[in-house]
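Let me begin by presenting the structure, written as structure tokens, before commenting on it.
Chains as they are written, first to last, in my numbering: chain F, 45 to 304; chain B, 3 to 249.
Written out as structure tokens, the structure reads:
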């Protein structure tokens, strides 16, 4: 039985949670690595491991636990991330209001956001790669349309450091594709636009329906936001043989709002 | 696991008689999609049409009926005509070797075909408020090519512009438009052209250490037609084993 690790898979109504559900449906055993322990009781079929992805030791322990229980790692999906709700302290907090760009960013915010969005992917890939290489497999990272176009000043619920860190995730994807390709491990990335996750709902509860974290909703050509189901289906496709000759690729999923 | 959203849909696949097109037909059929296959040359279960001819495209649309997935594979670095069954793919083409006739015919076979087919089918998809259009670009449009000539690279670059623009234009009608940019794919034509034995050094330089197969491309077509492609539009997806990473 194949084994998948999903970071950031425990919060209900999140992309990661839906990825977990679908990987189980594909017949994989799933390890959920998350700080949000409150979500673990709903994931009894999974091996849930409390993990602070910004802490390399915590990530290593999670990978060790996965190996000792399930013996192998075939798939790694790095969903964890965001501009807020990323530390144990603010996990359940409301989004901070006001535009947070680079110019007005505190060093603490910069470090926290880059750690959760970029360092986290490095830590989990580095810890899992030796085991993926044994039999081949796939890594899928989650970036953002923000990596392509930045966060427009005035937007709320996202941040400048997030856009920069997600661009780093795209670069990491390419670098790792070169390193792991010869070992039969493909590394790809998705860059979602506005997706109707629980997080988006909490932003819009504060800002009103018309203002998304990436700018006004009315500018999305498909006339709607994406769903976590659609986004998770794409992530899972990147874990399967349907994408056997893709590596180093970032697939944009944004309703035609930004064509790279 | 079968992919969600494919069973019971109807697809038109162009350039379906061989290579990538034939592989796409097989894959979609396996997922329970009813497929209308077209090509400029006759074959088993092939509706013959010259897609550089607007009248032929209109006739094809009349015969094809309602289409959910439009997969525009037709094209290639050497343009087929009705009389010339699959012309061999030439070796390296330098700028000064190209005459206007070759330029025009390769632009027509790769870019005009996609324009005419999209123009014919988009209004029908709009009326039904559903459609998935998949065009074929190429690595020649992404990184340039040291082999196939500027005409082919320019035509495939045109496909990317057409794809992005149609994504904006058709998005409000729940029609997605994407392109696939294959890298080095070992099709029968490529093998015949003597490219199949690409240098070991080249293959060894690819991160995945192998040439692509038509089925590698068909999988990505199936993905884009499925639920996984519902909110993907305007994208050009590189399928090249890590040869080139695009923009």
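Backbone N, C-alpha and C fix where the C-beta goes; we use that ideal spot for every residue, glycine too.
For the region 38 to 100 of chain B, the full-length alpha helix (DSSP H) segments reaching 4 residues or more read 56 to 66 along the chain. Residue 270(F) carries a strand assignment under DSSP once its states are collapsed to helix, strand and coil. Remark: C-beta atoms of residue 183(B) and residue 144(B) approach each other more closely than 7 Å.
The beta carbons of residue 213(B) and residue 200(B) sit about 6 Å from each other, so the pair counts as a contact at 8 Å. Secondary structure in the region 167 to 218 of chain B: the beta strand (DSSP E) runs of 3 residues or longer, each lying completely within the stretch, are 177 to 184 in chain order. Residue 141(F) counts as exposed, since fewer than 16 other C-beta atoms from the protein chains shown sit within 10 angstroms of its C-beta. Under the 10 Å beta carbon count, residue 193(B) is surrounded by fewer than 16 other beta carbons and is classified as exposed. Neighbourhood of residue 287(F) in chain B, by CB distance below 7 Å: 221, 222 and 225, in chain order.
Taking residue 139(B) as the centre and dropping the five residues before and after it, the same chain places the C-beta of 158, 161, 162, 181, 183 and 238 closer than 6 Å to its C-beta, in chain order. Residue 186(F) is not a Cβ neighbour of residue 283(F), given a cutoff of 7 Å. Excluding residues up to 5 positions away in sequence, nothing lies with its Cβ nearer than 7 Å to the Cβ of residue 171(B) in the same chain. One Cα belongs to residue 31(B), the other to residue 206(F), and the distance between them is close to 42 Å. For residue 52(F), there is no enclosing alpha helix (DSSP H), as DSSP marks it with neither H nor E. If you check the CB distance, residue 150(B) and residue 142(B) come in under 7 Å.
Taking a beta-carbon distance threshold of 7 Å, residue 218(F) counts as an interface residue toward chain B. In the three-state DSSP reduction, residue 138(B) falls in the strand class (E or B).
In this structure, DSSP gives residue 144(F) an extended state, which the three-state scheme calls strand. Per DSSP, residue 156(F) lies in no beta strand (DSSP E); the unbroken alpha helix (DSSP H) holding it starts and ends at 151 to 158. Against chain B, a Cβ distance below 7 Å from residue 295(F) picks out 234, 237 and 239.
Residue burial annotation: residue 281(F) is buried, with at least 16 other C-beta atoms found within 10 angstroms of its C-beta. Taking a contact as a CB-CB distance under 8 Å, the pair residue 178(F) and residue 302(F) does not count as one, their CB atoms being some 38 Å apart.
Under the Cβ criterion of 7 Å, residue 242(F) is not counted among the residues facing chain B. Here residue 235(B) is buried, its C-beta having at least 16 other C-beta atoms within 10 Å.
Using beta-carbon distances, residue 127(B) does not count as an interface residue toward chain F, since no partner is under 7 Å. For residue 83(B), the number of other beta carbons within 10 angstroms of its own is below 16, and it is reported as exposed. Per DSSP, the unbroken alpha helix (DSSP H) holding residue 171(F) starts and ends at 164 to 179. Counting C-beta pairs closer than 8 Å gives three or more between the region 117 to 131 of chain F and the region 45 to 64 of chain F, which meets the contact rule. Among the bridge pairs identified by DSSP, residue 77(F) is matched with 51(F) and 93(F). The C-alpha of residue 291(F) is placed about 18 Å away from the C-alpha of residue 236(F). Ranked by how close their Cα comes to the Cα of residue 99(F), the residues 201(F), 242(F), 117(F) and 132(F) have 132(F) in first place. Note on residue 127(F): 16 or more other CB atoms within 10 angstroms of its CB, so buried under the neighbour-count rule.
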